Amino acid sequence: MPETVIRLADRAAMPRVAVHLGEVSIAYTLKGGGRYEAVAPSNLWVSEGEFVSLVGPTGCGKSTLLNAAAGLIKPSSGSVEIFGQPLSGINAQSGYLFQQDALMPWKTALDNVAIGLEVAGTRRRDALETGRALLKQVGLKSFADRYPHQLSGGQRKRVALAQMLARKPKILLMDEPFGPLDAQTRIIMGDLLLSLWQQDRKALMFVTHDLEEAIALSDRVVVMSSGPSSQLIGDFRIDLPRPRNIADIRTEPRFHALHREIWNTLKLEVQKAYDLGEGKDA
Amino acid sequence: MNRTRLLALQILVAVLAFAFWHVVTTTALIGDPKKMQFFFSTPIDVLSRCFHDLMGGEIWHHLAITLTETFLAFVIGAGGGIVIGFWFARQELLAAVFDPYVKAINALPRVVLAPIFALWFGLGIWSKVALGVTLVFFIVFFNVYQGVKEVSPVVLSNARMLGMNERQLMRHVYWPSALSWMFSSLHTSVGFALVGAVVGEYLGSSAGLGYKIQEAEGVFDVTGVFSGMLILTVVVIAVDGLVTLIERRLLVWRPGQVTQTAQG
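Chains as they are written, first to last, in my numbering: chain X, 1 to 282; chain R, 283 to 546.
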């Protein structure tokens, strides 16, 4: 693809592209024999140091696209490139924060955080030391020996965050990570995420259906249309100053202007998805 | 409910049962005491027989044999169940091909195998071990198989994203999950190992608790049968208590296992 080559050359002086989805589409073969296209060919760039949110109505395939970047699913067509290299198999340079509980229930909080380093060959003592430091950073210093079931939902999410960061991934992928949490905890977790991200600004791809959350956190918000055959239909730059405070930033006029602008694009899709769902039920 | 009160009530049930037994077999309440004693013995006779047996050395020898058989049946059956369960769970085709045969063998009442095992392995401990193995194997096999199959896909994806290769997934994800399923069936499988041993002894042997009970029965020694049963019951309760201790230690990470005591 000569076009891509030129683009990359142009960007030599600019931050490198960390994730590039080129004409990526995802389709499934249905049991009956038909074909269901979840995501139509889409292009998406996430640069180094950039926080990009992907928003869209439920079931539009945002998580599917994220999983393609993670290497958890293989796209039906198109290419996934990580720092310019085509991805095959699991994306080893990325960390992934899941919506559901993904900690190993048979390991303590500390062992869960350290395991990523241990399997990479770090000595157990060093891995545990790093793990302790990370647990301290997410505010769980005294919970190291607890098992996941002994922690609250928010605490488990903090452990998962520390677990992901332990391997120092160059790219962070997050799939509605704060979805299951209550409103207050979400704000606190959002601030924690921003403060951690601020330290070394990795490329971050964040999937959410909450537009306010997306604007408060991101540098760019990408809007996806409702499925099937979802497409990326809008790309908005969020020019709010950093460092940000999530609770405060929601009261700023610029936040509201951005929200109105993006919502105008998003609401049609949400309505479409809603109508489709209603139609199915009827 | 208060713990001591509960314990007192539980003991009361045993005392009442023994008292009822005593009254029925020593008075003419239901029938002729002589006749009643022939069929049911009396609690005092049974307890004193137990005491005498335990004081004399012979019963310990039989007990040791039965426990050895139980232990071997459990170890071999569980070991086989873990290996085959793991293997089948990771090889879809293998599991599918053997599925009807596994079901067929499991459907077979294992007691009918006892004479065959006696023929193959003789009247010593190994025919009893074999019977116990056929019982334990399937329980462990099904649980390990299920444990590997039921690993949460999210936990698995997360482990992959954390950089685990197949071998590491085995060790850190599949293995603990399979073990937790196996341990949750530990009471059943240890119990079945003991059942295999005792039933095997009962059907043909020259030593063990099952043999002792069968021997007493052969001469209409009801007191001997009941005292044998009583000793067996106490042993089973002791073994079960041991299993509970092991389980508590190994499944500490499970919701509802030790949480109540862990919070101080």
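Cβ coordinates follow ideal geometry from the N, Cα and C atoms, glycine included. Just so you know, these numbers come straight off a predicted model, no measurement behind them.
Within chain R, the C-beta atoms nearer than 9 Å to that of Leu-72 of chain X come from Ser-439, Arg-442, Met-443, in chain order. The secondary-structure analysis by DSSP pairs Tyr-28 of chain X across a beta bridge with X:Tyr-36.
When CB distances to chain X are screened at a threshold of 8 Å, the residues of the region 448-475 of chain R falling below it are Gln-450, His-454, Val-455, Pro-458, Ser-459, Ser-462, in chain order.
Counting C-beta pairs with one atom in each stretch, the region 423-435 of chain R and the region 331-339 of chain R have fewer than three that are closer than 8 Å, which means they do not touch. In this chain, the alpha helix (DSSP H) harbouring Thr-348 of chain R covers 340-372.
For Met-164 of chain X, at least one C-beta of chain R is nearer than 9 Å to its own C-beta. By a beta-carbon distance limit of 8 Å, Val-418 of chain R does not contact Phe-465 of chain R. Their separation comes to about 14 Å. In chain order, Ala-38, Gly-59, Cys-60, Gly-61 place their CB closer than 7 Å to the CB of Gly-227 of chain X, counting only its own chain and leaving out the 5 sequence neighbours on each side. Contact of Gly-34 of chain X with chain R by beta-carbon distance below 7 Å is absent, the smallest such distance being about 25 Å.
Minimum Cα-Cα distance from Ala-70 of chain X among the listed residues X:Ala-102, X:Ile-90, X:Leu-54 corresponds to X:Ile-90. Within its own chain, the residues whose Cβ lies closer than 6 Å to the Cβ of Leu-485 of chain R, once the five positions on either side in sequence are excluded, are Ala-396, listed in chain order.
When DSSP states are grouped into helix, strand and coil, Ser-94 of chain X belongs to the strand group.
For Val-24 of chain X, not one C-beta of chain R is nearer than 9 Å to its own C-beta.
As a beta-bridge residue in DSSP terms, Ser-230 of chain X pairs with X:Val-39. In this structure the region 336-355 of chain R lies against the region 485-501 of chain R, because at least three pairs of beta carbons, one per stretch, are closer than 8 Å. In terms of Cβ geometry, Val-411 of chain R and Gly-478 of chain R form a close pair [threshold 9 Å]. About 5 Å separates the Cβ atoms of Met-174 of chain X and Phe-206 of chain X, confirming a contact at the 8 Å cut-off. Note that the region 200-218 of chain X touches the region 242-259 of chain X; at least 3 beta-carbon pairs, one per stretch, sit closer than 8 Å.
Inter-segment contact for the region 136-153 of chain X and the region 114-127 of chain X is absent: fewer than three beta-carbon pairs are separated by less than 8 Å. Distances from the CA of Leu-192 of chain X to each of X:Pro-180, X:Leu-211, X:Leu-172, X:Leu-161 were compared; the closest alpha carbon is that of X:Leu-161.
Pairing Leu-103 of chain X with Val-159 of chain X gives a Cβ-Cβ distance under 9 Å. Arg-392 of chain R has a beta carbon lying at 9 Å or more from every beta carbon in chain X. Beta-bridge pairing by DSSP links Val-221 of chain X to X:Ser-53, X:Phe-236. Between Ala-203 of chain X and Ser-63 of chain X, the gap from beta carbon to beta carbon reaches 9 Å or more.
Under the 9 Å criterion on CB atoms, Arg-167 of chain X is classed as interfacial with respect to chain R.
Beta-bridge pairing by DSSP links Ile-82 of chain X to X:Val-19, X:Gln-85. Asp-101 of chain X sits in coil when the DSSP states are folded into three classes, being neither helix nor strand.
DSSP places Ala-120 of chain X outside both helix and strand once states are collapsed to three, so it counts as coil. Using a C-beta cut-off of 8 Å, the region 11-31 of chain X makes contact with the region 82-100 of chain X, since at least three inter-stretch Cβ pairs fall below that distance.
With respect to Gly-510 of chain R, Ala-498 of chain R sits close: the two C-beta atoms are nearer than 9 Å. In this structure, Leu-181 of chain X lies near Gly-154 of chain X, with their beta-carbon atoms less than 9 Å apart. The straight-line gap separating the alpha-carbon atoms of Ser-76 of chain X and Val-138 of chain X is approximately 38 Å. Between the region 449-467 of chain R and the region 312-331 of chain R there are fewer than three C-beta pairs closer than 8 Å, too few to call the two in contact. As DSSP reads the structure, Ser-152 of chain X sits in no beta bridge.
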